[in-house]
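Under the numbering used here, think of the first position of the sequence shown as 144, with each following residue one higher.
The beta carbon of each residue, even a glycine, is placed where N, CA and C say it ideally should be.
All figures in this text were calculated on a predicted structure; none of them were measured in a lab.
Remarks on the structure that follows.
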Amino acid sequence: MNSRERVRAAMNHEVPDRVPVMCQLALGHYFINSGRTPADIWFDSDVFVATLSEFRRRYGFDGFLINLPGRPENWREYLAAREPTADGEKLTWRSGLETLMPRDDNAQTFLPGRQSLPHADYANFDVADRRGFRTPGYVWNTWHAPSLWDIPDGADFAEPAAYPAWLTRGLRAARAANPAVSVHVEVFSPFTHLLELFGYEQALMAMIDVPDICRGILKTFTANVAAEVACYASCEPDAILVSSAFAGAGFIGREQYREFVLPYEREVAAAIHRHGLPSYVHTCGAIGDRLDLMAEAGYRGVDTLDPPPLGTVDLAKAKAEFGRRFFFKGNLDAVNEMLRADDATFERAVRQRLEIGAPGSGFILSSACSVAPHVKPERLRRMVELAETYGRYG
């Protein structure tokens with residue numbers, strides 16, 4: 144059984160030869176351990192995919208997640224300057240924006256002089272005016288495309304045809320280069336887009352002050368995400384992950400989840416399923432009180448499952464209550480059991496998760512959230528060795 148078949152069997156609650164292993168690595172882990180520059184990994188789709196593929200082979204993982212969109216091949220032409228800094232690199236774009244690339248963290252984009260990018264103002268937001276969604280601080284403009292590349296101002300992101308071909312460039316390259324590997328791709332949830340549009344504190348205020356405007360914006364974002372799903376689905380990923388990192392109890396309660404997350408993520412999950420693909424959701428921290436709501440959203444799987452003290456998910460309890468409904472990926476404490484733990488504690492934690500997660504299939508061994516940049520590479524290789532020894536079926 145190859146890696147792609149192994150992960151597919153686990154997601155379908157079929158019995159693979161062993162529990163698959165598929166950790167999401169923080170971008171900083173690649174920056175530190177690859178020998179490549181952070182900017183080239185972040186902005187060059189070919190370098191990004193080559194790096195992910197190399198680390199999958201290096202650690203023996205059964206798959207990897209494309210968690211950055213593709214970039215245009217000529218992205219360097221949008222640069223005005225590129226210079227080293229004390230802790231990484233600084234990129235200055237022809238648009239005037241500046242991007243700092245630390246050696247062990249995600250890119251950070253600013254206005255000239257390192258001023259924070261402005262977000263939309265919820266008190267004066269017109270949902271019908273697309274220009275409101277073009278504010279520099281909004282995630283599409285910074286995470287996806289710092290200088291907006293070649294996307295027209297009037298683009299309607301609810302239409303798949305509005306997305307440039309480079310959006311799927313990394314996924315297409317990954318699929319072609321890894322035919323026997325499980326390749327997943329990430330989209331942001333409508334709720335995450337809302338938080339990024341207004342900024343996190345202001346978005347939480349907006350849900351209280353202008354809930355109708357928030358619902359209108361979430362409806363727009365839902366159509367946009369569904370269009371992005373359509374673009375990715377044509378490239379034959381093995382699954383689509385919906386990143387809804389901030390929908391846990393650390394940010395919002397159950398009632399807010401039911402109002403501002405559930406209806407819109409239900410539509411996104413349905414859009415993924417219409418393309419015949421598995422869906423799963425990534426939500427950090429305290430989600431033990433809302434697994435039932437995630438089930439209502441229609442997802443086939445749940446990612447992260449942070450255990451105490453980082454979160455509130457007990458894997459044995461979740462498996463007993465929802466193990467036939469979901470496939471689960473994660474539950475290893477990325478800080479206390481992977482980064483800071485001694486070898487004996489780490490190995491004990493891995494074996495415990497295998498013992499709980501393996502019965503009945505439906506489990507992918509993984510860190511709960513992203514593997515921290517400074518986790519030792521040999522520890523990740525050891526995860527696979529333990530799965531090969533203690534995660535076998537029959």
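Give the secondary structure of E531 by DSSP, where H, G and I count as helix, E and B as strand, and everything else as coil.
Residue state for E531 is assigned as helix, using DSSP reduced to three classes.
Alpha-carbon to alpha-carbon, E226 and H416:
45 Å
For the stretch 423-464, which segments carrying the alpha helix (DSSP H) assignment without a break, of at least 4 residues, lie completely within its bounds, in sequence order?
434-440
Taking the C-alpha atoms as reference points, what is the distance between G203 and A152?
18 Å
Work out the CA separation of I184 and G178 for me, nearest whole Å.
10 Å
Ignore the nearest five residues each way along the sequence and tell me which others in M244's own chain have a CB closer than 6 Å to its CB.
P181, A182, G231, E232 and A250
Could you pull out every residue in the same chain whose Cβ sits closer than 6 Å to the Cβ of A501, ignoring the five residues on either side in sequence?
Counting only Cβ-Cβ distances below 6 Å, and skipping sequence neighbours, we find V162 and G534.
Entirely within the stretch 244-323 and at least 3 residues each: give me those beta strand (DSSP E) ranges in chain order.
251-253
Could you give the distance in angstroms between the alpha-carbon of L254 and the alpha-carbon of D248?
19 Å
Give the single residue among V527, C512 and I507 whose Cα lies nearest to the Cα of V150.
I507
Label K111 either buried or exposed according to how many other C-beta atoms from any shown protein chain fall within 10 Å of its C-beta, with 16 as the threshold for buried.
Residue coverage of the chain in this structure runs from 144 to 537, which leaves residue 111 outside it and unanswerable.
Pop quiz: A303 and C357 are said to be a contact at Cβ under 8 Å. What is the actual Cβ separation, rounded to whole angstroms?
The question names Ala, yet the displayed sequence has Pro at residue 303. Not really, about 25 Å apart at Cβ, beyond 8 Å.
How many Å lie between P212 and P452 at the Cα?
32 Å
Three or more C-beta pairs under 8 Å: does that hold for the stretch 420-429 against the stretch 445-461?
yes
Which residue wins for smallest C-alpha separation from N217, given the options F268, W309, L208 and N145?
W309
Name, in chain order, the residues that DSSP records as bridge partners for L508.
According to DSSP, which records beta bridges pairwise, L508 is partnered with V164 and G473.
What is the C-beta distance between G441 and A413, in whole angstroms, given that I count them as a contact (C-beta under 8 Å)?
6 Å
Spatially closest choice to D381 from G359, V324 and S332, by CA coordinates:
V324
So, helix, strand or coil for L384, using DSSP?
strand
For the beta strand (DSSP E) containing R151, list its first residue and its last residue.
Premise fails: R151 lies in the alpha helix (DSSP H), S146 to M154, not in any beta strand (DSSP E).
Does the stretch 187-201 come close enough to the stretch 307-322 that 3 or more CB-CB pairs lie under 8 Å?
yes
Assign K233 to one of three DSSP states: helix, strand, or coil.
strand
So, do the stretch 343-357 and the stretch 263-279 have three or more beta carbon pairs nearer to each other than 8 Å?
The way I'd put it, the stretch 343-357 does touch the stretch 263-279; three or more beta-carbon pairs between them come closer than 8 Å.
Would you decide whether A530 is buried or exposed? Buried here means 16 or more other CB atoms lie within 10 Å of its CB.
buried
Out of P307, S387 and G503, which one is the CA nearest neighbour of E293?
The displayed chain sequence assigns Asp, not Glu, to residue 293. The shortest Cα separation from D293 among P307, S387 and G503 belongs to P307.
Run of the alpha helix (DSSP H) containing H418, from where it starts to where it stops
Looking at the DSSP string, H418 is not in any alpha helix (DSSP H), and its letter there is neither H nor E.
Tell me which same chain residues have a C-beta within less than 7 Å of the C-beta of E157, skipping the five on either side of it?
So the qualifying residues of the chain are S504.
Leaving out five residues on either side along the sequence, give the residues of the same chain with a beta carbon under 6 Å from the beta carbon of T242.
L234, A250, T252 and P289, listed in sequence order.
Please list the terminal residues of the continuous beta strand (DSSP E) segment that includes L208.
G206 to I209
Among T228, M154, A169 and T311, whose alpha-carbon lies nearest the alpha-carbon of P215?
T311
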